[in-house]
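For reference, the structure is listed below as structure tokens.
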Amino acid sequence: MRLFIAGLLVTGGGLAALALVWAFYSTQSPTSPSTASIVSGQAPAVSAEQAAAPAATEGPATIPETPTEATSQTVAPAADAAPTDSQAEAEETEADLQIEVVRIGPDGSAVFAGRGSAAADIHIFEQDNILAQTKVSPSGEWVAIADTPLSPGNHLIIVEMHTVDGQVIRADRAVVVELAASGADKPLVALVPMTEQAEAELIQAPDELVAEPEQVIAGEGTEAQAEDLSPEVAALLVEPVRLQLLTLSWADDRILQINGNSAGGQSVRGALNSRPFVARVDAETGNWTAQIDTTGLNASAAQLLSQLLDETGEVVAARQIDFDFAQLDIGRDGSEMVVIEKGDMLWRIAYRTYGDGIRYLDIVKRNQGRISDPDLIYPAQIFALPDAATAGAETKEAQ
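Note that the sequence shown covers residues 1026 to 1424 in the working numbering.
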């Protein structure tokens, strides 16, 4: 039955390889005996908490930032000596782990399939949570169904193979999932590389990332009809409310420009600390821009508040971002800047800015002093965005 499901998924998949890479290189294993990653002869990175813990309870070591040169990551007991490059290559040739199919439903249901070494055990997990386990068939195929649906939000899912001779091999690609809370929208699913040799692959994407759907907006002729409808149905005819702060930039030495987007409102206003602003809003696109004179504003802690107002002047949406004002110096060269908010991801910022997620590499390069690990970005950080032409050239060089 499992092989039958896998066959249906493979034949109906139509997977298209895209250069969409996400800087989310978390590789934490589920609770298990202590392991260490063998990476190009380097000692595995161990956190301070792990170093302080007793050896018997020591947690898994994180994969260093420098990817391996192999197509899979081999995990061996920490006490064992690191194998030579030739030994590692031989082992990976004999026991290669591949993720070939991923299907995530709007309700969080998840099915995974791929290839591996016959009779090996497949473990699929997210941090300390085991999602599914299965065994590789004699023909080298495996398929697994998650025991419970994924919760709404962002997920990084790792696949490991435990071979019959005791090897623990981690797939060279991880599964990234972004699942909406609505339970109706198609999730974003991608395979992202954990090594330099692996390729990214977009499995499925929400319609909003593929094509901009037309919005149904109440207009002439709809107001009278809405009176005969229930509030729930009538609400569907109203433009959704949206207020976004997209970028910051310096217009000159003292004027800070703010760019954003909105929907479902009439005007945008706000303040940077005590400096109020009124934005210019493009009624057709919803894009808005405002400028603030920062002369004499030396506060280290800055609060940027923006509000979306309807035609009556009532606030229908508001956003506040707290950050260190000194961080804005990174954009003094004229670069646009983005303020990181909870849930932001470098690849998605690159996708939104350049139309190509792989260009997160250019954001990392431009902000080397602020991004030590692409997996670890935090709210209130401010990053400079390279211009599109520069980003495109640098990404081609990296590839």
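Backbone N, C-alpha and C define an ideal beta-carbon position, used for all residues, glycine too. These figures come from a predicted structure and were not determined experimentally.
task: Measure the C-alpha to C-alpha separation of Glu1257 and Ala1199 and round it to an integer number of angstroms.
output: For Glu1257, the predicted structure reports a pLDDT of 41, less than 50, and the residue's modelled location is therefore unreliable. A value from the coordinates is still provided. Between Glu1257 and Ala1199, the C-alpha separation is close to 40 Å.
task: State the start and end residues of the unbroken beta strand (DSSP E) segment that holds Asp1387.
output: In the DSSP assignment, Asp1387 falls outside any beta strand (DSSP E) and within the unbroken alpha helix (DSSP H) covering Tyr1385 to Arg1391.
message: What would DSSP say about Ala1230, mapped onto helix, strand or coil?
response: Of the three classes helix, strand and coil, the one that applies to Ala1230 here is coil, per DSSP.
query: Are at least three pairs of beta-carbons, each pair with one atom in the segment 1154-1171 and one in the segment 1131-1139, less than 8 Å apart?
result: Contact holds: three or more Cβ-Cβ distances are below 8 Å.
- request: Check whether the Cβ of Trp1167 sits closer than 6 Å to any heavy atom of the ligand GTP, and report yes or no.
  value: This structure lacks the ligand GTP, and indeed carries no ligand of any kind.
- request: Could you check how far apart the C-beta atoms of Thr1272 and Met1362 are, in whole angstroms? I think they sit under 8 Å.
  value: Between Met1362 and Thr1272 the Cβ distance is about 6 Å, and since that is below 8 Å, they are a contact.
message: My output table needs one value for Ala1342: the three-state DSSP class, helix, strand or coil.
response: It is a strand residue.
Coil, strand or helix - Asp1210 by DSSP: Note: Asp1210 maps to coil in three-state DSSP.
message: Between the alpha carbons of Leu1261 and Glu1336, how many angstroms are there, rounded?
response: Here the model assigns Leu1261 a pLDDT of 39, short of 50, so the residue's position is not dependable and the matter cannot be decided.
CA-to-CA distance, His1180 to Met1370, given in whole angstroms: Between Met1370 and His1180, the C-alpha separation is close to 12 Å.
Sufficient close CB pairs (3 or more, under 8 Å) joining the segment 1282-1290 to the segment 1312-1321: With a cut-off of 8 Å, the segment 1312-1321 and the segment 1282-1290 count as touching, because enough Cβ pairs lie within range.
- prompt: Leu1151: which of Ile1407, Asp1172, Ala1143 and Val1168 sits nearest, CA to CA?
  reply: Sequence inspection shows Glu at residue 1151; the Leu mentioned does not correspond to that position. Comparing alpha-carbon positions, the option among Ile1407, Asp1172, Ala1143 and Val1168 lying closest to Glu1151 turns out to be Asp1172.
query: In its own chain, which residues sit with a C-beta less than 8 Å from the C-beta of Val1341, not counting the 5 before and 5 after it?
result: Correct list, in chain order: Val1266, Gly1289, Gly1290, Leu1333, Leu1334 and Asp1335.
Where the alpha helix (DSSP H) containing Thr1378 begins and where it ends: Taken as a continuous stretch (DSSP letters only), the alpha helix (DSSP H) holding Thr1378 covers Leu1371 to Tyr1379.
- prompt: Which term fits Pro1163, buried or exposed, when burial requires 16 or more other beta carbons within 10 angstroms of its beta carbon?
  reply: For Pro1163, the number of other beta carbons within 10 angstroms of its own is below 16, and it is reported as exposed.
query: Measuring CA to CA, which of Asp1278, Gly1130 and Gly1380 is closest to Ile1355?
result: When only C-alpha atoms are compared, the closest one is Asp1278.
message: Give me, in chain order, the residues of the same chain whose beta-carbon lies closer than 6 Å to that of Ala1326; leave out the 5 immediate sequence neighbours on both sides.
response: Taken in chain order, the list of residues that qualify is empty.
task: State the beta-bridge partners of Val1184 as determined by DSSP.
output: The secondary-structure analysis by DSSP pairs Val1184 across a beta bridge with Ile1149.
- request: With Pro1399 as the anchor, note down where its beta strand (DSSP E) starts and where it stops.
  value: In this chain, Pro1399 is not harboured by any beta strand (DSSP E), its DSSP state being neither H nor E.
query: What's the call for Asp1381, buried or exposed, on a 16-neighbour Cβ count within 10 Å?
result: If you draw a 10 Å sphere on the C-beta of Asp1381, you find 16 or more other C-beta atoms in it, and that means buried.
message: On the DSSP letters alone, give me the boundaries of the beta strand (DSSP E) that Gly1139 sits inside.
response: From DSSP, the beta strand (DSSP E) with Gly1139 extends over Ala1135 to Arg1140.
- prompt: With distances taken between CB atoms, is the gap from Ala1196 to Val1214 smaller than 7 Å?
  reply: Cβ distance not < 7 Å, so Ala1196 and Val1214 don't count as in contact.
Residues of its chain near Val1303, where Cβ-Cβ distance is below 6 Å and the 5 sequence neighbours each way are ignored: Closer than 6 Å at Cβ, skipping near neighbours: Arg1294.
- request: Tell me, please, which residues DSSP counts as bridged to Gln1123.
  value: Paired residues: Arg1140.
message: If the criterion is Cβ atoms closer than 7 Å, does the pair Ile1182 and Leu1122 meet it?
response: The Cβ atoms of Ile1182 and Leu1122 do not sit closer than 7 Å to each other.
message: I need the straight-line Cα distance from Gln1328 to Leu1281, nearest angstrom please.
response: In this model, Gln1328 and Leu1281 are separated by some 14 Å (Cα to Cα).
query: To the nearest whole angstrom, what separates the beta carbons of Phe1348 and Ala1405, a pair I think is in contact under 8 Å?
result: Between Phe1348 and Ala1405 a beta carbon distance of about 4 Å is seen, short of the 8 Å cut, so the two are scored as contacting.
- request: Answer with buried or exposed for Val1126, where buried requires no fewer than 16 other C-beta atoms within 10 angstroms of its C-beta.
  value: Result: buried.
- request: Would you decide whether Gly1212 is buried or exposed? Buried here means 16 or more other CB atoms lie within 10 Å of its CB.
  value: Before going further, note that residue 1212 is Pro rather than Gly in the sequence given. With at least 16 other beta carbons inside 10 angstroms of its own, Pro1212 counts as buried.
Same chain, Cβ closer than 7 Å to Pro1231, five either side skipped, listed in chain order: Cβ within range, chain order: Asp1210, Lys1211 and Leu1213.
- prompt: What are the boundary residues of the beta strand (DSSP E) that Ala1362 is part of?
  reply: At residue 1362 the sequence reads Met, which differs from the Ala that was named. Note, Met1362: beta strand (DSSP E), Glu1361 to Val1364.
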